[in-house]
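Have a look at the structure below before the remarks.
Protein chains: 4
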Amino acid sequence: MSGVWGSNIKISIFGESHGNAIGINIDGLPSGFEIDMDKVLFEMDRRAPGKNSMSTARKESDFPEILSGYFEGKTTGTPLCAIIKNGDTRSKDYTKTKDYMRPGHADFTGYARYDGFNDYRGGGHFSGRITAPLVFAGAICKQILEKRGILIGAHISSIKNITDKEFNNIDISKEILENLRNMELPLINTSLEENIKHTILQTKYNGDSVGGSIECAVIGINPGVGNPFFDSVESTLAHLIFSVPAVKGIEFGRGFQMTNMFGSECNDEYYYDKDKVKTKTNNNGGVLGGITNGMPILFKVAIKPTASIAKEQNTIDIKNKENVKFRVEGRHDPCIVQRALPVIEAVTAIGILDLIKGRY
Amino acid sequence: MSGVWGSNIKISIFGESHGNAIGINIDGLPSGFEIDMDKVLFEMDRRAPGKNSMSTARKESDFPEILSGYFEGKTTGTPLCAIIKNGDTRSKDYTKTKDYMRPGHADFTGYARYDGFNDYRGGGHFSGRITAPLVFAGAICKQILEKRGILIGAHISSIKNITDKEFNNIDISKEILENLRNMELPLINTSLEENIKHTILQTKYNGDSVGGSIECAVIGINPGVGNPFFDSVESTLAHLIFSVPAVKGIEFGRGFQMTNMFGSECNDEYYYDKDKVKTKTNNNGGVLGGITNGMPILFKVAIKPTASIAKEQNTIDIKNKENVKFRVEGRHDPCIVQRALPVIEAVTAIGILDLIKGRY
Amino acid sequence: MSGVWGSNIKISIFGESHGNAIGINIDGLPSGFEIDMDKVLFEMDRRAPGKNSMSTARKESDFPEILSGYFEGKTTGTPLCAIIKNGDTRSKDYTKTKDYMRPGHADFTGYARYDGFNDYRGGGHFSGRITAPLVFAGAICKQILEKRGILIGAHISSIKNITDKEFNNIDISKEILENLRNMELPLINTSLEENIKHTILQTKYNGDSVGGSIECAVIGINPGVGNPFFDSVESTLAHLIFSVPAVKGIEFGRGFQMTNMFGSECNDEYYYDKDKVKTKTNNNGGVLGGITNGMPILFKVAIKPTASIAKEQNTIDIKNKENVKFRVEGRHDPCIVQRALPVIEAVTAIGILDLIKGRY
Amino acid sequence: MSGVWGSNIKISIFGESHGNAIGINIDGLPSGFEIDMDKVLFEMDRRAPGKNSMSTARKESDFPEILSGYFEGKTTGTPLCAIIKNGDTRSKDYTKTKDYMRPGHADFTGYARYDGFNDYRGGGHFSGRITAPLVFAGAICKQILEKRGILIGAHISSIKNITDKEFNNIDISKEILENLRNMELPLINTSLEENIKHTILQTKYNGDSVGGSIECAVIGINPGVGNPFFDSVESTLAHLIFSVPAVKGIEFGRGFQMTNMFGSECNDEYYYDKDKVKTKTNNNGGVLGGITNGMPILFKVAIKPTASIAKEQNTIDIKNKENVKFRVEGRHDPCIVQRALPVIEAVTAIGILDLIKGRY
């Protein structure tokens with residue numbers, strides 16, 4: 000199975016890159032919520048390709064049509080389904096090399112999983128394009144969370160070896176998260192922008208690609224959200240985030256750095272700031288025992304370099320069962336970190352809304 | 000909610016550190032499977048405390064009593080429930096400081112989540128002890144997987160700044176995994192053992208604790224296991240692994256290292272080795288698009304330093320709403336990485352069995 | 000929540016009677032299955048209104064557009080989503096009486112559930128029209144089951160006080176089920192047809208409506224399908240069937256008649272018919288302990304009279320909070336039993352496919 | 000699978016009639032709820048056998064031991080597991096005829112489902128005894144519901160052809176439900192008691208068994224609980240109730256009687272009783288479109304005659320693959336309707352608590 004997730008908010012995703020349409024059905028939204036459709040389109044636009052030289056030239060008609068669950072500008076509470084029609088698809092690009100299993104892509108694993116019957120064009124159901132409906136759903140969840148004072152934001156933590164500053168993990172303002180949303184390359188240290196752009200474009204020129212990491216924050220959340228064991232905050236978010244293509248790692252708080260710290264450095268000491276419980280440090284990223292402690296939830300996500308590169312590669316021809324050399328043709332992103340970023344925010348919003356329901 | 004997980008294999012966990020018993024109910028096991036109970040006890044013993052100076056002196060009676068689903072030495076196919084009675088518990092250790100929220104522990108988050116009604120003694124439901132039933136369940140799943148040629152094994156990848164060699168990621172033999180199982184400190188480079196022991200004991204002497212990382216491998220798995228989106232191999236395993244207390248990060252294949260590689264370095268090129276499809280490298284850790292490619296599944300897990308330390312710490316007294324200084328008394332592990340390791344293997348086995356069911 | 004169901008086959012439904020479109024997303028279908036689209040349309044046509052004087056004159060454009068999961072005539076194995084656009088909707092019919100809670104309908108309960116924000120037009124998400132996607136999904140499941148020798152069929156067991164013969168419960172041929180599919184009013188005793196039509200039309204003339212019951216059979220299923228407790232055959236089918244609007248009862252085998260029998264009459268004695276285990280009677284409807292015994296699965300479903308009637312009724316005006324008298328205007332079915340019948344077959348097919356997966 | 004159910008309240012059941020213990024793990028209970036254990040034991044006692052000549056002489060030690068999730072007299076909010084040890088089991092009764100598939104029981108279907116590996120003694124996991132943990136869980140849910148003003152009660156609607164009066168379906172008092180709980184044979188028309196007892200004992204004397212039906216009511220529930228489609232009130236309750244052994248039918252409100260009514264008779268007209276919305280009749284049993292309308296929820300359940308009878312029966316010897324005649328030995332209930340009744344109430348309580356969570 001693949002496409003259904005959730006306990007309180009259930010999402011069901013569908014679509015292939017070059018099929019008729021992609022979309023998502025969302026069940027469990029509150030009724031009577033007034034959706035700000037401009038904000039939804041703004042989020043979808045952040046993910047959309049073709050906006051500048053750093054991303055694929057493919058122009059997608061990322062316009063969501065809401066089919067149900069939405070009446071007179073408000074959610075009805077019944078399942079809300081939205082689809083995005085596939086427009087500018089060049090299926091010919093793909094058919095000629097359909098038997099060549101592109102390294103780093105899901106061509107071979109999809110072939111194995113579906114016995115060769117999956118739609119191979121443009122990656123089919125494995126295409127990054129299928130994340131557009133997740134951004135749509137996430138944009139609605141974000142609005143619902145913001146009404147409750149919970150804000151989600153992210154910045155590029157690194158591209159190749161260029162590393163941004165980290166969030167101030169005990170004090171992240173609403174403003175900083177809102178500012179990041181409006182940047183082409185969301186960075187805390189904006190002076191890195193030129194260097195990153197240069198690296199991406201140079202890599203593109205070389206027919207290659209780069210990856211990077213994303214740091215995401217959830218602020219304004221109460222203590223007591225989440226669960227021990229199987230529906231912990233970390234389990235829930237990691238589950239969703241590893242559904243985003245190209246994600247290969249996630250760490251909460253100091254994550255892997257904690258393996259090289261002493262307990263006495265790592266433990267976040269509590270104190271009362273008037274009536275509010277706070278911690279002096281936030282190495283644990285706002286989560287202990289799977290449950291929020293009221294500090295910002297913080298995690299970093301590793302995004303691998305785009306699998307599609309222009310360089311010649313070795314692979315197999317699965318039909319003729321032979322080793323071949325080939326080049327992936329078509330339009331590619333030399334770097335997808337900046338486009339993956341709003342997707343990470345979106346699935347985080349879905350996950351957090353699922354977790355808080357019934358607690359708020 | 001917290002305690003129920005799974006699609007094909009459903010597990011339901013329960014228990015508190017100082018309650019009557021802890022346990023697990025496992026639904027969806029095949030019928031007629033002959034359990035090798037010695038192997039189950041061997042796995043449970045790997046996790047058990049009190050074996051040497053590196054772990055807590057608490058002697059737990061980690062003996063599982065099977066209540067159901069097991070008849071004449073074989074699984075019946077109906078739910079198999081096992082419990083472990085709680086024996087050597089010193090509840091007094093905890094009551095005197097029950098209102099002191101131990102830093103790094105789930106005391107405060109559990110308090111917030113359950114409005115103060117959770118059992119605080121020894122961490123209650125948040126105790127690492129509750130992983131014993133997971134090891135029990137995982138030990139059965141491991142046996143079922145081994146019958147199908149799938150083997151799971153792990154080694155300590157690092158303790159503090161001491162780093163073991165990595166698995167040879169394209170060729171891991173059954174023997175190496177089996178050898179690791181029998182080591183007190185499972186290491187590829189066994190010459191590090193003394194150094195690690197020394198570090199742990201020195202840390203203990205200082206009243207402090209250390210963490211580390213674990214590298215886990217799944218070998219012998221066919222291509223085509225897993226799903227795009229929400230039930231990907233990574234999502235499934237990450238979900239379970241973040242349920243293990245003290246885990247703060249997970250990365251598949253090269254993980255965060257991939258963020259500093261070019262696509263041309265990162266992509267794993269395919270080739271035919273006779274009829275079998277292989278990759279020349281395995282940077283993706285055997286998973287692409289959420290689905291196995293037949294190469295070893297590889298991932299690393301970050302384990303934070305044990306939260307319980309002997310040093311004095313600042314925290315809050317939640318009853319009197321004031322800031323306090325205190326020392327965590329009782330018995331502690333200066334390092335739990337080696338005890339977490341069989342738990343990681345166990346939940347991996349549960350996850351893999353859940354994923355392959357219906358495919359094998 | 001409302002719209003997601005399933006373990007092995009997951010369906011996610013959406014839509015309102017007068018919205019843009021209704022539809023269903025189906026996850027877990029096998030890959031490479033060649034769908035006979037004529038058969039799908041045939042099933043959808045069985046449910047469609049406007050075919051004769053016995054059903055509503057509303058002409059629906061019940062044509063499913065497949066958006067995903069279907070490639071070159073075959074299922075891909077990834078989620079298959081289909082939508083049906085809403086065409087001939089007369090929204091004006093409904094707005095003038097939108098605050099009048101129609102007796103027998105879900106107007107008031109939907110209002111209470113969704114705090115008045117649900118789409119009231121034509122029953123919105125509660126409309127019988129939303130069963131069209133279920134028939135679409137069921138038609139695909141039926142084809143998959145038929146490839147495995149499992150056939151599902153139903154007849155009208157009664158309309159008002161006119162009662163058809165029962166299935167021969169120990170021996171139902173493929174032919175009889177196939178014949179029933181082609182009848183306008185599927186009956187074993189076809190001589191009742193005129194009488195039933197007359198009753199329905201007379202009722203329509205009186206501005207009233209009638210109900211009836213449906214007997215459904217599943218033949219060709221192996222022993223051993225289903226589970227004790229929560230996923231029994233009866234639980235699974237009842238869960239789905241009570242999702243069909245207007246269903247108010249279900250009984251398996253002799254059902255409520257069994258309450259007036261002795262155990263010695265009721266027990267179905269086993270015997271070997273060559274190598275095959277059979278029962279001499281089939282009072283239990285092919286299911287014992289929640290699991291099939293290889294005999295036909297048989298159950299009856301009660302369908303209440305259509306709630307929309309032309310007669311004047313008392314009810315409340317929920318906006319003005321007063322008691323009112325009114326007439327439901329618009330187009331109504333005087334009897335929906337014959338249109339509910341293919342829906343019952345469809346959800347039965349979905350349920351059975353969910354249950355057998357992994358067993359076949 | 001079999002043993003896990005629920006969305007907001009998750010239950011996981013286990014055990015066999017003659018194994019070590021049976022039990023249930025309940026996840027999702029509120030924290031801090033003070034359980035009245037006397038009431039729990041009272042409910043369990045209602046189901047317990049051996050109380051009089053009408054039920055089996057087997058004395059079960061139906062005493063629940065709570066293993067977890069319960070601390071200082073209150074629920075903790077973490078999973079609450081309780082077990083009941085199996086005491087007075089006469090395994091020898093069963094082994095001599097273990098290959099004789101008892102008609103009306105799950106012996107053959109369980110054999111087929113679990114390939115002969117299930118525990119056959121006393122029906123194993125299919126035994127009615129496994130409902131004791133459901134009564135335990137239901138007793139807790141009942142208390143939680145009662146705190147919110149929701150009361151569940153049932154009476155014997157019929158035994159064989161002796162039929163009790165029905166509930167006054169628009170006005171059921173708390174008192175009548177509480178009175179019924181204290182009766183050995185819960186009846187509205189108590190003058191039938193002698194006749195029913197006589198029928199049951201006469202049947203027992205004849206080596207036979209009888210069945211009957213149960214009418215259950217849920218009062219005090221708000222409008223707006225439940226969902227359209229897959230988690231309707233009817234779907235949820237039917238799912239659970241068909242998990243109770245011997246249940247063969249369920250109907251809501253007038254159920255099958257509605258098939259012989261006109262719409263104008265069947266529709267329940269609304270009116271304002273001061274500010275409260277009520278219906279003049281309650282043919283729909285308090286549920287429309289899967290959602291409560293605030294009137295009592297009402298349904299009837301068909302319980303088949305006990306499958307175990309003393310009379311000689313024909314069946315198969317599955318080992319020797321031959322037809323045989325035999326008598327079921329051991330202790331039997333000539334009628335289980337009165338013992339099934341508290342189980343029906345219990346699973347109804349579980350289902351209602353699952354549905355209302357988040358709405359109340």
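Protein sequences, first through last, are from chains A, B, C and D. Residue numbering for the first sequence follows numbering that gives the first Met the number 0, starting at 0 and increasing by one per position. Residue numbering for the second sequence follows numbering that gives the first Met the number 0, starting at 0 and increasing by one per position. Residue numbering for the third sequence follows numbering that gives the first Met the number 0, starting at 0 and increasing by one per position. Residue numbering for the fourth sequence follows numbering that gives the first Met the number 0, starting at 0 and increasing by one per position. Ideal placement from N, C-alpha and C gives every residue a C-beta, glycine not left out.
- Taken through DSSP and simplified to helix, strand or coil, proline 63 of chain D comes out as strand.
- Residue pairing of alanine 81 of chain B in beta bridges, as defined by DSSP: B:Ile23, B:Ile65.
- Using a C-beta cut-off of 8 Å, the stretch 202-212 of chain A makes contact with the stretch 327-347 of chain A, since at least three inter-stretch Cβ pairs fall below that distance.
- Judged by beta-carbon spacing, isoleucine 10 of chain C lies within the 9 Å limit of isoleucine 23 of chain C, meaning their Cβ atoms are closer than that value.
- Taking a Cβ-Cβ threshold of 8 Å, the residues of chain A close to threonine 77 of chain D are Pro227, in chain order.
- With the rule of 3 Cβ pairs closer than 8 Å, the stretch 239-248 of chain A does not count as touching the stretch 136-144 of chain A.
- Between asparagine 292 of chain D and aspartate 272 of chain D, the alpha-carbon positions lie close to 14 Å from each other.
- With a cut-off of 8 Å on Cβ pairs, the stretch 217-236 of chain C is not in contact with the stretch 312-330 of chain C, counting fewer than three such pairs.
- A distance below 9 Å separates the beta carbons of aspartate 118 of chain C and glycine 18 of chain C.
- For alanine 306 of chain A, the neighbours in chain B by C-beta distance under 7 Å run, in chain order, Gly262, Asn266.
- In this structure, the beta-carbon distance from aspartate 163 of chain A to leucine 186 of chain A falls below 9 Å.
- Spanning the alpha carbons of glycine 86 of chain C and isoleucine 351 of chain D requires a straight line of approximately 38 Å.
- For isoleucine 343 of chain B, the CB contacts under 7 Å within the same chain, skipping 5 residues up- and downstream, are Ala153, Ile213, Cys215, Ile240, Val243, Val300 in chain order.
- By the neighbour-count definition (other C-beta atoms within 10 Å, threshold 16), histidine 124 of chain A is a buried residue.
- Interface flag for histidine 104 of chain D against chain B is unset, since no Cβ pair is found closer than 9 Å.
- It is roughly 15 Å from the alpha-carbon of glutamine 312 of chain D to the alpha-carbon of phenylalanine 107 of chain D.
- Among the CB atoms of chain C, one or more fall inside 9 Å of the CB of leucine 66 of chain A.
- For glycine 22 of chain B, the nearest CB of chain D lies under 9 Å from its own CB, placing it at the interface with that chain.
- Along the stretch 3-18 of chain A, going in chain order, the ones with a CB nearer than 7 Å to a CB of chain C are Val3, Lys9, Ser11, Ile12, Phe13, Gly14, Glu15, Gly18.
- Residue contact check for serine 1 of chain D against chain B: a CB pair falls below 9 Å.
- Proximity of chain D to threonine 74 of chain B at the Cβ level (cut-off 8 Å) is accounted for by Phe116, in chain order.
- Neighbours of tyrosine 113 of chain A in chain C, taken as residues at a C-beta separation under 8 Å, are given in chain order as Ser30, Gly31, Thr75, Gly76, Thr77.
- A residue is called buried once 16 or more other Cβ atoms fall within 10 Å of its Cβ, and glycine 284 of chain C is buried on that count.
- Listed along chain D, the residues sitting closer than 7 Å to glutamate 250 of chain C by beta-carbon distance are Lys247, Gly248, Ala301.
- In this structure, the beta-carbon distance from threonine 74 of chain B to serine 1 of chain D does not fall below 9 Å.
- Neighbourhood of asparagine 292 of chain C in chain D, by CB distance below 7 Å: Phe107, Thr108, in chain order.
- Straight-line measurement puts the Cα of glutamate 145 of chain B at about 36 Å from the Cα of lysine 95 of chain D.
- When DSSP reads this structure, histidine 154 of chain C sits in a beta bridge with C:Glu214.
- When secondary structure is reduced to three states using DSSP, asparagine 322 of chain D falls in the strand class.
- Checking the DSSP bridge columns, you'll see cysteine 334 of chain B partnered with B:Val209.
- Against chain D, the CB of aspartate 207 of chain C has a partner CB under 9 Å away; the residue lies at that interface.
- The beta carbon of lysine 97 of chain D sits closer than 7 Å to those of Tyr119, all from its chain and outside the five residues before and after it, given in chain order.
- For threonine 347 of chain A, the CB contacts under 7 Å within the same chain, skipping 5 residues up- and downstream, are Ile151, Cys215, Val217, Leu236 in chain order.
- With contacts defined as CB atoms closer than 9 Å, glycine 5 of chain C and glycine 31 of chain C fail to qualify as a contacting pair.
- According to the DSSP assignment, valine 246 of chain B belongs to the beta strand (DSSP E) that extends over 246-251.
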